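Numbering (UniProt numbering), first residue to last: 1 to 524. Scroll down for the structure; my scribbles are underneath it.
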Ligand code: ADP
C-alpha cells in the first residue's frame, strides 16, 4: 500500500507532519533511524505506521506504563483494525500474558509496548527470539544518557538485549531531547552510528519567553499575571509540594480557579485534579514536575515557573506544554540566585559525578535566566541550533526582544577573554577564566601558576559579572565552546582563533545582574 493511503486508512490524516514521511521511508527500507523532534512533533507515527505496514511485530520500548497505555489506546482508536497494539508488563496476569504471546505468534500484534525492565526478563527474551520481529523502537531514548533530564539505568542494557533478539534488527531511537551530548550518548549506547539522523527544529515560534526576578512578593505578581490571563488554561510549576499547596490556596482565596497537583496525593485525587484541568473545570493547575508527562492539552496558554528549573532541558520540556495548538503560549519564569543555591543543596547528598552533571546543567539555566540576549536564540543554541535573532521565526517573542537592553562595543574585551582561555591551555571553566581576567586567585589558579602569567588580570578594569555575561554571549556567538563532558571547560573554537588574529566589531548586550544581595528588590 502507498504511504499516504496507509496514513489515511490507519490514522485518518491526509498529510505527513514535518519529517515523518522521510523517517518512515527509511524505516521501511530496513535502516536504523534516529529521530529528534520536539514534543508534539509527531514522533509516534514514525514507528506506528511502518509497524502496521510491515510483517511481524515491532517492539516499542517506553519508560512509563501510563504513557504506554495511552499510546495503545490511541492507536486502537485510530486504526480500523482491532487489537494490533499490545502492552507486555508486570501489570498483566498470566492469562493476559499468554493471550498477548498468542497474538504475537499469530501475527496479530503489530506493536508491542514494553518497559525496559520487562525486556530483561529471560522468559520474554526466549519467547521473542522465536517470533518474527520487524524493528525495535526506543522511545524517550534520552533516558539512556545521564546528561538527559530523565536518566534510567535500565536503558543502558537495551543494546545487548536487542542484540540477543536479533543481531540485525533495525533500531529507531526517538527523543525530544536535542542537546548534542545526549544525542551522542544515544548513538553510542544503542550502537547506531550508521543511523540516519532526522532532526526537526526545536523552535516554538508561538511561545513567548520571559524571566522576572523573584520579588519578595512573587505570589502577588503571579496572581496579577493569572488575572491578566483570566479564563485561560495555565500550569504553574513549583519546586516543593508544600509551595504547590500554599500557592494553590492563595490563588483560590484570590478568586482564581486552581487545583494543586503533586505526587504526594493519592492516585484518585491526582486523577481528579488532572481531569478537572483537562475538562476545564478549573483554569490553573499548580504543580510539581510530576504533572505534565503525557498530558496533551492543546490550549495551555501559560506555563509559569515559580522556581527556576534544574536545567534548560527541563525548562524546554515543561514550557513545551504551552501553545501546542499553535496559539499563544506565555512562558514566565521567576529567578532568584537563592533558588539556585537551594537546588545545589538538594544535590549535595548525591554521588560526586551526578553532582557535577547537575551543577553544569544548573549553570546553563542560570545563564539563560541572566541573559539579556534573545532567549529563543539562547535555548536553540543550547540545542545545537542556529537562530537568527533578528529575522528568525518568533524572534520578537521574548522579554529581551521587547525591551532590548543597550549594547556596547566589546571587541577588545572579547580578544582578552579568548586570549586568557587560550593562555590557560583550555583547562578552566568560566569561573576560573573570569578570576584570571580580573586577577583573583583560588587554589586551582595557583596550582596551575596562572597568576604568574602575563595575561593574569588583563581584564581588571571590569567586574566579574561583566566577564560572566561576555563569556555567555561569546559562547553563543560560537567563538568559545563549552565541553560538557568536562563539566564546562572552555575551548577556543576555530572561529575564535580567527577572531584573535583579526578582531571584528562585537556588540555586547548589557546583561541583567542579579546578585543574592539585590534579590529582594521589588520590581513592578
Ligand atoms: P510526540 O510523540 O512527538 O510528542 P505525538 O506522536 O504524540 O508527538 O503527536 C503529536 C500530535 O500530532 C498527536 O495528537 C498526533 O495525533 C498528531 N499527529 C501526528 N502526526 C500527524 C499528521 N501526519 N497529521 C496530523 N496530525 C498528526
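C-beta atoms are modelled at their ideal positions from N, C-alpha and C, and glycine is treated no differently. If you're wondering where the values come from, they're calculated on a predicted model, not measured in any experiment.
Beta-bridge pairing by DSSP links residue 212 to 334. Segment contact: the stretch 135-144 against the stretch 48-59, three or more CB-CB distances shorter than 8 Å; contact assigned. Each of 49, 454, 288 and 293 was checked against the Cα of residue 304, and the nearest Cα belongs to 288. In the three-state scheme derived from DSSP, where H, G and I count as helix and E and B as strand, residue 57 is classed as strand.
If the five residues before and after residue 474 are omitted, its C-beta is found closer than 7 Å to the C-beta atoms of 414, 417 and 480, all from its own chain and listed in chain order. Fully contained in the stretch 121-155 are the following alpha helix (DSSP H) runs of length 4 or more, in chain order: 122-128.
Bounds of the beta strand (DSSP E) holding residue 409 are 407-409. Under DSSP, residue 207 forms a beta bridge with 329. Nearest neighbour of residue 332 by Cα position, chosen from 347, 319 and 326, turns out to be 319.
Excluding the 5 residues flanking it on each side, residue 22 has same chain C-beta neighbours closer than 8 Å at 198, in chain order.
Contact between residue 117 and residue 154 holds, since their C-beta atoms are separated by about 5 Å, short of 8 Å. In the three-state DSSP reduction, residue 357 falls in the helix class (H, G or I). With a cutoff of 8 Å on beta-carbon distance, residue 330 and residue 208 are scored as near each other. Collapsing the DSSP output to three states places residue 302 in a strand. Short note on residue 20: C-beta closer than 7 Å to some heavy atom of the ligand ADP.
Sorting 235, 255, 280 and 281 by C-alpha distance to the C-alpha of residue 261 places 235 at the top.
Using a cutoff of 7 Å, the CB of residue 447 does not count as near the ligand ADP, since none of the ligand's heavy atoms is closer than that. Counting only the Cα atoms, residue 40 lies some 10 Å from residue 323.
By the CB criterion at 8 Å, residue 133 and residue 169 fall inside the cutoff.
Counting only residues of its own chain and dropping the five nearest sequence neighbours on each side, residue 496 has a CB closer than 7 Å to the CB of 418, 479 and 480.
When secondary structure is reduced to three states using DSSP, residue 382 falls in the helix class. Residue 471 is a Cβ neighbour of residue 434, given a cutoff of 8 Å. Taken from the Cβ of residue 383, every heavy atom of the ligand ADP lies 7 Å or farther away. Contact annotation: the stretch 9-16 does not touch the stretch 146-153, with fewer than three C-beta pairs closer than 8 Å. Secondary structure of residue 292 (DSSP, three-state): coil.
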